[in-house]
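Order-wise, the sequence lines are chains A and B. Final position of the first sequence in the UniProt record's numbering is 573; the numbers increase by one with none missing. Final position of the second sequence in the UniProt record's numbering is 670; the numbers increase by one with none missing. Note that the Cβ used here is the ideal one computed from N, Cα and C, for glycine as well. Each remark here refers to the structure printed beneath this line.
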Amino acid sequence: MSIVPKETVEVIAQSIGISHFSTDAALALAPDVEYRIREIMQEAIKCMRHSRRTTLTTDDVDEALKLRNVEPVYGFASGGPLRFRRAIGYRDLFYLDDKDVEFKEVIEAPLPRAPLDTSIVCHWLAIEGVQPVIPENAPVQGLKMGYLAGYNFLWQNSYTGGLECNVVCGRLAIAAPSNGTNNEQKDGLPVEIKLPVKHILSRELQLYFDKITELAVSRSDSVLFKQALVSLATDSGLHPLVPYFTYFVADEVSRGLNNYSLLFALMRVVWNLLQNPHIQIEPYLHQLMPSVVTCLVAKRLGNRLADNHWELRDFTAKLVAAICKRYGHVYNTLQTRLTKTLLNALLDPKRALTQHYGAVQGLAALGPNVVRLLLLPNLGPYLSLLEPEMLLEKQKNEVKRHEAWRVYGALLQAAGQCIYDRLKIFPPLSSLPACSVWKTNGIVATLSNKRKTSMDLEEQPPLKKIATDGPVDAVSTSSMPTPMEEDAAAATPLDNSDADHPSSSSGQIPPDSGSESRSKRGKGDSQAQKLSAILPQIWKDDLNSGKLLVSLFELFGEGILSFIPAPEMSLFL
Amino acid sequence: MDELQVVEFVATYLKKKGFSEAENALQAEIQRNKSSNNTNPIDILNDPELSKFFRTFSESEDGPARYQDEYSKLRSWTYSSLDLYKHELLHVLYPVFIHCFMDLVAKGHIQEARTFFNNFREDHEMMHLRDLQKLEGVLSPSHLEEMEFAHSLRHSKVNIKICQYSYELLLQYLHKTQSTKMLGIINERINFQVSPGQPSSISDDAEIVTLIGSNQDAANQINQKEVHWGLLEDSLENRLEKTGLISDSEKAEGENKEAEIDENKKRPVEGGKQGASIKKLKKDKAINATAKTSRLEANTVSTAPRVKPDLALPVMPTEVEQSILEDLRNRVHLSSAALPSVSFYTFINTHNGLNCASISQDGSLVAGGFSDSSLKVWDMAKLGQQAVSSGLQGENDTTPREDIIGPNGRKRSYTLYQGHSGPVYSASFSPLGDFILSSSADTTIRLWSTKLNANLVCYKGHNYPVWDVQFNPQGHYFASSSHDRTARIWSMDRIQPLRIMAGHLSDVDCVRWHINCNYIATGSSDKTVRLWDVSSGECVRIFIGHRSMILSLAMSPDGRYMASGDEDGTIMMWDLASGRCVTPLMGHTSCVWTLAYSCEGSLLASGSADCTVKLWDVTTSTKVLKTEEKSGTNRLRSLKTLPTKSTPVYSLQFSRRNLLFAAGALSKTS
């Protein structure tokens with residue numbers, strides 16, 4: 001009935017020399033023993049709290065005993081946990097395993113190291129509420145795990161990949177974490193805690209870096225490299241290595257333009273670094289971007305004909321798009337600069353066709369809006385340049401012709417994707433009678449027109465033209481928010497940028513100017529697409545893309561038709 | 001029940017109790033009556049129905065199974081009751097539960113009591129874990145008498161606020177099901193305060209079953225007393241504010257009126273000394289430049305009324321005053337938008353021996369009390385130099401050189417104060433940093449001088465370990481709290497305590513001075529916080545609401561609020577005037593070791609065993625309260641959590657310029 005069994009009482013009685021101890025007495029004593037133990041524990045917990053601890057120690061129990069004027073239990077002051085052993089033959093009798101100690105041994109043993117003295121270190125936990133990233137502060141979540149993950153990778157490889165990693169493992173076992181206060185006491189000896197002052201790359205990370213770079217340079221087709229890439233994409237402790245990787249990639253790309261497999265491996269490294277959620281790569285983007293763009297639009301990638309540099313360019317295009325998508329909002333000039341570079345490459349007739357191909361792929365990967373705004377306007381003039389290259393009679397060089405066809409294919413795909421994208425956002429044909437749509441459109445246009453005149457914009461198409469022509473972007477975007485009046489303010493800046501290039505889709509603007517505003521416009525457009533349920537917008541878009549489609553059809557002929565879903569095609573053609 | 005049955009009842013009762021003569025007498029009487037009245041006698045022993053009735057009656061006298069049975073019925077009834085009234089009825093369960101248990105124990109049914117306890121303890125573990133742990137050990141009737149907790153439970157009634165309908169529901173149920181045991185307990189142990197109308201909201205009734213000494217009524221009575229929570233009228237901040245006003249009024253006529261109005265609002269008690277100090281300060285050229293900003297700041301404080309000190313407070317030397325004023329003028333204004341900088345002092349190599357840490361007002365001195373009876377004080381101004389030297393030594397610590405010299409050969413980086421003969425549980429710097437008080441398990445408090453590096457006085461008075469000691473905000477006086485369930489007020493020049501505050505039902509774990517020095521607050525293991533008048537020694541407030549031992553207290557600088565932190569990680573903010581909890585601050589997952597208000601009272605910092613410093617916005621709530629708006633929107637928010645590197649935070653201290661100092665011992669994470 002009490003948690004202290006009577007056997008325990010009997011055993012204790014025996015141990016203090018009471019041989020004739022009746023069971024009744026034991027039974028009577030047991031509950032009281034339990035009560036006393038609980039009482040002492042309660043006091044011990046108080047002592048523990050006042051010692052600012054959350055684990056109960058033997059010292060606390062001693063203090064509690066002293067509080068109760070009981071002689072403390074001696075001999076339990078040692079630091080380690082007590083090891084109880086089960087007495088043989090008894091189910092629930094335990095004893096402490098005390099070894100006999102030879103005096104001689106104790107005397108002859110070397111003096112243990114004196115424990116280190118207490119001291120204080122001072123650091124900033126927060127500066128105006130923000131925690132500085134210093135070793136003294138708690139690491140960002142997951143960093144610690146990352147170290148281990150990195151090690152695991154090395155460990156695994158030492159077994160699976162047959163790498164000569166034994167040395168690495170050996171070192172790992174001894175290497176303490178470089179993080180100062182993290183220093184644990186490994187063998188019970190006190191270790192003085194040092195705080196590092198400068199940024200030190202731990203030996204493990206160095207080894208890791210060396211392995212990865214070696215793999216990338218020499219054995220990029222091995223299974224091991226794939227594992228390394230997975231590690232790059234998932235490990236959380238790699239942040240200190242990012243600058244090194246950045247430098248490595250830039251360095252190798254500039255040196256190894258002739259080495260196709262190396263370039264591909266490097267791009268894969270970049271790709272996987274980007275995937276890693278624990279790495280903040282933004283500060284290094286400006287160093288990474290040139291090498292990446294090089295792999296996209298370089299004249300020659302790889303030195304052999306067999307090298308499938310098209311694939312590399314496709315991959316890099318995807319990479320570039322991913323970067324833009326992820327960091328475009330942080331670096332708002334990123335995409336602008338990129339599109340400018342690509343467009344320059346495309347529109348320069350002196351550049352090689354391979355470069356054109358890269359540029360087209362890059363632009364296409366940035367999304368249909370970019371294609372529509374930048375590529376399509378230039379499509380006509382460019383195709384007229386490209387056409388002679390594609391024809392057997394005009395271009396005798398087989399390779400050149402192949403390249404031209406490649407570029408043509410890329411262009412076709414980009415344009416097709418774009419038009420497909422435009423078309424698929426429409427809901428199945430609206431059944432509303434056309435006249436009512438015209439009406440609303442007209443009213444809306446008037447409203448927005450009035451607003452515009454007050455804003456004194458340079459170009460103002462006549463109202464009639466809007467009502468009939470529809471596709472002028474400026475009006476439609478401003479007419480769009482009128483159902484929701486609170487959006488009107490937000491729409492005005494869009495109007496502005498649109499008014500600068502009132503007919504960007506018709507391709508009359510010089511391609512180099514105002515690409516920033518265009519990218520802004522792209523955003524506005526995507527916003528518009530979200531609200532595509534609004535009727536006038538749909539109607540306008542229908543018209544707009546109908547026109548677009550016709551122009552594309554003129555340029556590409558039948559090739560474009562495969563991109564158009566059947567119902568739309570039946571409508572437009 | 002007719003007359004005959006009553007007679008039978010009596011007869012059986014007498015028989016059962018062994019009053020045979022009385023029974024015989026009764027029988028004889030019955031016989032006589034029967035013969036005279038010629039009524040049909042009832043065969044007591046042979047009538048099956050009656051005997052069954054009597055059997056149940058006699059069983060019900062002390063059948064331990066009935067407790068279990070009836071309680072479990074009551075419990076299931078409660079759990080299936082209407083949602084609206086459920087939480088009120090659930091509150092009834094706990095006292096019924098513990099009293100059932102104690103009744104069983106008192107009647108000697110230990111085994112049954114144990115099974116009963118184990119069957120139902122889970123229901124109450126969340127709310128009353130500590131109480132249950134205490135009660136669990138009660139195993140014999142004598143324990144009930146001996147154990148103070150059980151004793152007081154059995155000799156006081158529990159107050160439960162309940163709405164009319166819940167009360168009726170409960171009574172109906174008890175009568176209908178003939179749960180006589182439960183009815184008995186409820187009648188005997190629970191004091192219902194039936195209120196008409198709707199049941200109270202769940203948040204209101206946190207205080208219900210906390211054990212308080214005498215009676216809830218007594219607590220309410222105590223809380224009726226008046227508390228003058230205002231600031232000291234002659235405090236430096238006040239003076240600074242006034243000088244600000246005056247210099248402003250000199251500058252601009254327009255503001256003059258306003259200033260006068262402001263001044264009239266305050267009590268027009270202007271001693272000659274104050275005037276002198278104003279004149280003196282006027283000479284200070286810097287004032288004009290900074291007056292405006294300081295005034296803005298001071299205005300936030302000036303809403304607090306002023307009170308006179310009850311104690312004779314020490315006079316501050318002028319140069320110290322000047323430096324404090326300088327600090328006040330340069331104070332960083334903190335708010336939810338402007339968070340403080342936190343400087344963290346980490347104790348390393350403490351070998352689990354650090355019991356407490358204390359930081360002086362200006363952050364230059366840090367004291368640590370250790371379980372090896374020592375008190376160590378570090379001068380942080382000198383730390384920079386030592387860091388260089390230890391850094392040098394650290395670099396070649398692999399060489400055996402260190403072994404030869406050893407840590408004792410090296411010059412210590414701290415001043416060691418030896419004198420205590422038990423673990424040092426608390427240390428407190430005097431406001432000027434020239435004295436330290438330390439309290440220890442050896443029942444003494446010692447006063448040390450940081451100038452002389454020596455022990456000056458040993459104060460003996462407590463009979464048990466002294467858990468906490470705290471200097472008065474103005475110096476000279478100090479308060480201590482102890483395991484002997486008292487708090488005491490001392491002055492530095494006497495070895496006997498000036499006041500003894502007795503009333504807590506368990507250890508007094510922490511003590512803090514009110515900002516105007518007229519009150520002290522004490523937190524105790526009995527889960528209450530009390531406010532005591534220093535001059536009279538009376539308890540003027542009891543704050544009930546915590547669910548576990550109180551570990552830390554802090555007083556807001558405007559004197560209006562108090563924060564207390566407990567073992568579970570709950571922080572509660574109290575309004576001193578009303579004695580009510582403003583809002584509980586939930587967030588910490590372990591013991592809240594320390595609390596500190598920022599100097600203008602807009603932020604509360606809390607340090608906990610979960611290795612975090614949390615900053616709370618406490619302005620929103622105070623504003624809401626000032627405008628006397630309805631509660632509900634005044635949720636205090638946690639602004640920021642600053643995790644440390646496996647370092648529980650032992651101590652927090654805002655400097656006068658609102659820099660936050662924190663201290664803690666690096667603990668091994670294994």
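In terms of beta-carbon proximity, B:A338 lines the interface with chain A, with at least one pair separated by less than 9 Å. Beta-bridge pairing by DSSP links B:C163 to B:S195. Put simply, of A:R85, A:D62 and A:D348 the residue whose alpha carbon is nearest the alpha carbon of A:L96 is A:R85. Straight across, the Cα-Cα distance linking B:V194 with B:L170 is about 12 Å.
Per DSSP, the unbroken alpha helix (DSSP H) holding A:K226 starts and ends at V223 to T234. In the three-state DSSP reduction, A:G409 falls in the helix class (H, G or I). By alpha-carbon distance to B:S371, the top candidate from B:S364, B:R331 and B:H420 is B:H420. The beta strand (DSSP E) runs of length 3 or more contained entirely in the stretch 396-476 of chain B are, from start to end of the chain, 414-417, 424-429, 435-440, 444-449, 454-460 and 466-471. Three or more Cβ pairs closer than 8 Å define a contact, and the stretch 541-556 of chain B meets that threshold against the stretch 518-531 of chain B.
For the set B:A502, B:L375 and B:I500, the Cα lying nearest the Cα of B:R446 is the one of B:L375.
Boundaries cannot be given for B:M549, as no beta strand (DSSP E) includes it and DSSP labels it neither H nor E. According to the DSSP assignment, B:C581 belongs to the beta strand (DSSP E) that extends over R580 to L585. For the stretch 125-141 of chain A, residues whose beta-carbon sits nearer than 7 Å to a beta-carbon of chain B comprise L125, A126, I127, E128, G129, Q131, E136, N137 and A138. Counting along the chain, A:Y260 sits inside no beta strand (DSSP E); it lies in the alpha helix (DSSP H) bounded by residues Y260 to Q275.
Under the Cβ criterion of 9 Å, B:I110 is counted among the residues facing chain A. Separation of B:R329 and B:W378 (C-alpha to C-alpha, rounded to the nearest whole angstrom) is 28 Å.
Beyond the five residues adjoining it in sequence on each side, B:T350 comes within less than 6 Å, by CB distance, of A665 in the same chain, given in chain order. Counted as a single uninterrupted DSSP element, the beta strand (DSSP E) harbouring B:I542 occupies residues C539 to I544. Any Cβ of chain A closer than 9 Å to the Cβ of B:K614 would place that residue at the interface, and such an atom is absent. For a Cβ distance threshold of 7 Å, residue set D507 and S525 of chain B lies close to A:K46, ordered along the chain. Residues of chain A with a Cβ closer than 9 Å to the Cβ of B:S655 do not exist, since the nearest Cβ in that chain sits about 14 Å away. The criterion of a C-beta distance shorter than 9 Å is not satisfied by A:A28 and A:V4. The beta strand (DSSP E) runs lying completely inside the UniProt repeat "WD" (347-380) of chain B and spanning 3 residues or more are 354-359, 365-370 and 375-379, given in chain order.
It is roughly 47 Å from the alpha-carbon of B:P141 to the alpha-carbon of B:M492. Within chain B, the residues placing a beta-carbon under 8 Å from that of A:C122 are S343, F344, Y345, T346, M380 and L383, ordered along the chain.
For B:Q133, there is no enclosing beta strand (DSSP E); the enclosing alpha helix (DSSP H) has its first and last residue at I110 to E136. In terms of Cβ geometry, B:P643 and B:T612 form a close pair [threshold 9 Å]. Contact note: B:H483 reaches chain A through L67, using a C-beta cutoff of 7 Å and chain order.
Per DSSP, the unbroken alpha helix (DSSP H) holding A:V360 starts and ends at L353 to A365. Sequence-ordered contacts of the stretch 307-339 of chain A with chain B are nonexistent [C-beta pairs closer than 7 Å].
Between B:Y165 and B:L104, the beta carbon gap of about 31 Å keeps them out of contact (Cβ cut-off 8 Å). Under the Cβ criterion of 9 Å, B:E567 is counted among the residues facing chain A.
An exposed status is given to B:E125, since fewer than 16 other beta-carbon atoms sit within 10 Å of its beta-carbon. When the beta-carbon positions are compared, A:L342 and A:A359 come within less than 9 Å of each other.
Within a 10 Å sphere around the beta-carbon of B:Y477 sit 16 or more other beta-carbons, which makes this residue buried. In this structure, B:D310 lies near B:V534, with their beta-carbon atoms less than 9 Å apart.
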